[in-house]
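Below: the structure, in structure tokens.
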Amino acid sequence: MMRLIEYDHLSVDGRYDGDGWWQAQVRVPADQTHVDHQLELLEDAVGLVLGRDTYDTFAATWPAMTGDLADRINSLPKYVASRSRNVTAWKAQVLRGDAVAAVADLKKSGEGTLVKYGNGPFSRALMAAGLLDELHLSFSPFVAGAGQALLAGIRTTPLSLTGVTQIGNGSVVLSYELIR
Amino acid sequence: MSSSASGEWTRATVIVKNQITVNGAFTAPSPDTWLELDPASSAASLEQLSLADAMLLGRRTYEGLASVWPHLYDDPTVGAYADRINAMPKYVASRTLTGPLSWNARLIEGEVAEAVHAMRDLYRGNLIVSGCGELTQTLVSAGLVDEYWFFVNPHLWPGGRQIQPSVRPIPLQLIAATGYQSGVVWLRYRPEAGKEPPTTPAQRHDSQRRNTAISE
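Quick note, the sequences are listed as chains A and B, same order. In terms of the working numbering, the first sequence has 202 at position 138, counting the first letter as 1, and numbering is strictly consecutive. In terms of the working numbering, the second sequence has 168 at position 160, counting the first letter as 1, and numbering is strictly consecutive.
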């Protein structure tokens, strides 16, 4: 059975999007320690699971990038939740039919980890279906003040802390297992 | 005014302290809704409270805490903490409350930022601002906050009130990150002065390429 890990960047006040968030996030550049942490996260990865918006942005930017992290991300299969059109560029395939059920089948089909970047309704649905195993949250050193709150609307869920990692530039990754 | 034996000027440290969930949900006034107890974090909490000279509270936080802590003085787990917090001087910012207040508290007279500025010279230890409403936002805007402490509790909550110490971004510098056996993580920051955030679309797109998580 594969493990599904979601990785998100958050402000200290729990926001992951919005203008204030972006303004502050651009001031926390990804340095080598951030890259090394991502490579470690992706060590056992057999694929990425992405919502449609994240896929579109990643597919537009990662192929042109170079380096170990870009090579790793570019080489992995991508499983994309998309109702509207078929996507095959950048090693992608659409999660057919009910995307949540498709992820359940995917998890049963082998071993290793699936990494999801990005948050939103698809994440909530995966959590509600009990398919999310771990949540890794990179707390960036700023208060955003406004913007989308992580997993808004999710039912009360206890978490088990598995790690506290400072990855440089004031960022701290808190990793959790979801308790079911 | 206070000064150390060497003649150096020392003043109190204003700390905005909040308990939050992983997704930024706000603290509840009742301690047992949140309390993740283990010997290490309990000892640390008590030690931190011993370093505090006074608490600064908005009306809601004051009313919530004042309704709970006086009854916990003989609780086997939090009794020592209750004794300390009950005895500590509290200053409450409110336009609607009138004195005298209970729980060793008094109303802040006059303009809040001015009053806190004066308190910084009156005390030498930590002044704890507990909560994240108008009082905190006023102190943030006035540049009176020395440190931000967030205790991240290992829960996700549906939402309700979202923590909002400011309506605009506050850049921070990490001082320390400490994880406890209970799963609570203490994130300690000071405000970072000096840099203005870039706002051009090109700079935003550049960041999207370098950051690996955005909204779906």
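Think of the CB as a built atom: it goes at the ideal place given N, C-alpha and C, for glycine as much as any other residue.
query: Alpha-carbon to alpha-carbon, residue 199 of chain A and residue 190 of chain A; result: 12 Å
query: Inter-residue CB distance, residue 205 of chain A and residue 105 of chain B (contact presumed, cutoff 8 Å); result: So it is not a contact: roughly 35 Å between Cβ atoms.
query: Residue 193 of chain A, DSSP secondary structure in three states; result: coil
query: Alpha helix (DSSP H) segments (min. 4 residues) lying fully within the stretch 142-187 of chain A; result: 163-172
query: Residue span of the beta strand (DSSP E) that contains residue 230 of chain A, given as start and end; result: 221-232
query: Contacts around residue 193 of chain B, its chain only, beta-carbon distance under 6 Å, and the 5 residues preceding and following it disregarded; result: 160, 187
query: Counted within 10 angstroms of its Cβ, other Cβ atoms place residue 237 of chain A as buried (16 or more) or exposed; result: buried
query: Residue 63 of chain B - partner residues in DSSP beta bridges; result: B:98, B:136
query: Buried or exposed (CB count within 10 angstroms, at least 16 for buried), residue 142 of chain A; result: buried
query: Beta-carbon neighbours of residue 138 of chain B, restricted to chain A and to distances below 8 Å; result: Result: empty, since nearest Cβ-Cβ is about 16 Å, beyond 8 Å.
query: Test: residue 170 of chain B CB closer than 8 Å to a CB of chain A; result: yes
query: Segment contact, 8 Å Cβ cut-off, at least three pairs: the stretch 217-227 of chain A with the stretch 150-166 of chain A; result: no
query: Three-pair Cβ contact test at 8 Å for the stretch 163-183 of chain A versus the stretch 68-83 of chain A; result: yes
query: Residue 178 of chain B, buried or exposed, once every other Cβ within 10 Å from all chains shown has been counted against 16; result: buried
query: Cβ pair count under 8 Å reaching 3, the stretch 125-144 of chain A against the stretch 16-32 of chain B; result: no
query: Distance CB(residue 147 of chain B)-CB(residue 126 of chain B) smaller than 8 Å; result: no
query: Which of helix, strand or coil DSSP assigns to residue 179 of chain B; result: strand
query: Residue 134 of chain B burial status per 10 Å Cβ neighbour count (16 or more: buried); result: buried
query: Per DSSP, the bridge partner or partners of residue 69 of chain A; result: A:179, A:198
query: Interface flag, residue 165 of chain B vs chain A, CB-CB below 8 Å; result: yes
query: Alpha carbon of residue 39 of chain B to alpha carbon of residue 138 of chain B, nearest angstrom; result: Confidence at residue 39 of chain B is low in this model, with a pLDDT of 45, below 50, so the placement of that residue should be treated as unreliable; the coordinate-derived value is given next. Looking at the two C-alpha atoms, the distance is approximately 13 Å.
query: Start and end residues, alpha helix (DSSP H) containing residue 26 of chain B; result: First-last for residue 26 of chain B: 21-29, but that is the beta strand (DSSP E), not the alpha helix (DSSP H).
query: Nearest-angstrom Cα separation, counted from residue 94 of chain B out to residue 86 of chain B; result: 12 Å
query: Residues near residue 153 of chain B by beta carbon distance below 7 Å, same chain, minus five either side; result: 22, 24, 147, 199
query: Reference residue 109 of chain B; option with closest CA among B:149, B:67, B:142, B:84; result: B:67
query: Interface flag, residue 69 of chain A vs chain B, CB-CB below 8 Å; result: no
query: Status (buried if at least 16 other CB within 10 Å, exposed otherwise) for residue 184 of chain A; result: buried
query: Cut-off 8 Å between Cβ atoms - residues of its own chain near residue 139 of chain A, not counting five sequence neighbours on either side; result: 155
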